[in-house]
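Worksheet: the structure to be examined is printed underneath.
Numbering (full-length UniProt numbering), first residue to last: 1 to 377.
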């Protein structure tokens, strides 16, 4: 899906290096640079909404997050000059890569695989052209993630290749399109279905406006949105985008259950960590079927009850998602704006989970009524 130069198509040493490139591009000091452009995309997008109306929240947030990705990940060349073509190609690539038949038979000569491959080839051509152009221009300084990947160096000093940069940026967009947009939608559905927590999230925005002013959003201010953070985290517990993680066993080990039973896991086998199941264990999470963001508060900290891997919405260990901070930043930016500027009501039934794709998104439309307002301190 992402090409032959990245991910599991390369050896573990190179893959580890590439993970470092992405991680370095998403550290907090660099994320701060994206706050302004991210906020601008959010404000511009919702300025197109009317005074009052009804929208499909799932579709709206997916489109917005692609715009944010275009600005913060891909840079101005894509966002300003070729975003329409790139957006179409990304939809073709990602949507045709998530079907079960594609996952089980990735090399079969099916129409779905052909559409996927055709889109990837064209995207690679477009991104390679941008990479070559930037490398040949010495007086142009960009702060987007694409530039960070272009500037990255392997430990032996060699630069990243066009194939590496293209593959890594595609993997980031994939994560942003489906995981962040899905979580943003589920967060909205959960908040609008829980008046107490919706009121708490709005109250937090009132407090922040009183402290910092109505139009002031910075990286540090986003970090102060603790109620919204816990609401997103609880949403991820109940609706993890990836239902399970697969890992290859590199050496024999023994697993002991709570009941004392032991299982020998041999080297070479594949093990699965079912995130959806783990996140609903009643001896770790009290009343796991209840939306309760307070479970992550300092007096409870249920995500630590079973050890450091009690909560694995972003995986864990050496395979932990390096985009966690970026994901929270996007979702907080979107929902802080919505809570400040709109009255919102879920007018369709609370969505069921769609099991048609690898990412567990809401099934069907998520219809929301909105009315503009100005939230004052």
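For every residue, glycine included, the Cβ atom is placed at its ideal position computed from N, Cα and C.
Asked, Found
"How should residue 176 be labelled, buried or exposed, when 16 other C-beta atoms within 10 angstroms of its C-beta is the threshold for buried?", "buried"
"Thinking C-alpha only, which one of 153, 174, 149 is nearest residue 165?", "149"
"For residue 293, is the classification buried or exposed, using 16 other Cβ atoms within 10 angstroms of its Cβ as the cut-off for buried?", "buried"
"Work out the CA separation of residue 259 and residue 282 for me, nearest whole Å.", "15 angstroms"
"Quick check: residue 89 and residue 67, are their CB atoms within less than 7 angstroms of each other?", "no"
"Could you give the uninterrupted runs of the beta strand (DSSP E) lying entirely in the stretch 346 to 370, keeping only those of 3 residues or more?", "none"
"Keeping to the same chain, check which residues put their C-beta closer than 7 angstroms to that of residue 112; ignore five residues upstream and five downstream.", "96, 99, 101, 102"
"State the CB to CB distance for the pair residue 273 and residue 244, rounded to an integer number of angstroms; the pair is presumed to be in contact (CB under 8 angstroms).", "6 angstroms"
"Going by beta-carbon coordinates alone, are residue 2 and residue 170 separated by less than 7 angstroms?", "yes"
"By a C-beta neighbour count over all protein chains shown, 10 Å radius and 16 as the cutoff for buried, is residue 322 buried or exposed?", "buried"
"Please go through the same chain and pick out, in chain order, the residues whose beta-carbon is closer than 7 angstroms to the beta-carbon of residue 365, but skip the five residues on each side of it.", "56, 58, 348"
"Provide the residue span of the alpha helix (DSSP H) that contains residue 107, from first to last.", "First-last for residue 107: undefined, no H or E at that position."
"Enumerate in chain order the residues of its own chain whose CB-to-CB distance from residue 25 is below 8 angstroms, with the five nearest sequence positions on each side excluded.", "145, 148, 149, 152"
"At what residues does the beta strand (DSSP E) containing residue 199 begin and finish?", "Element bounds for residue 199: not the beta strand (DSSP E) but the alpha helix (DSSP H), 195 to 212."
"Going straight from the alpha carbon of residue 87 to that of residue 167, what length do you get?", "16 angstroms"
"Using the DSSP secondary-structure output, state which residues sit across from residue 56 in a beta bridge.", "367"
"I need the boundaries of the beta strand (DSSP E) containing residue 273, first residue and last residue.", "270 to 273"
"Is it true that the CB of residue 185 sits closer than 7 angstroms to the CB of residue 241?", "no"
"According to DSSP, is residue 128 part of a helix, a strand, or is it coil?", "helix"
"Which of helix, strand or coil does DSSP assign to residue 48?", "coil"
"So, is residue 270 buried or exposed, given that buried needs 16 or more other C-beta atoms within 10 angstroms?", "exposed"
"Any contact of the stretch 301 to 320 with the stretch 229 to 240, i.e. 3+ C-beta pairs under 8 angstroms?", "yes"
"Any contact of the stretch 222 to 231 with the stretch 248 to 268, i.e. 3+ C-beta pairs under 8 angstroms?", "no"
"In terms of alpha-carbon separation, which member of 262, 227, 119, 320 lies closest to residue 332?", "227"
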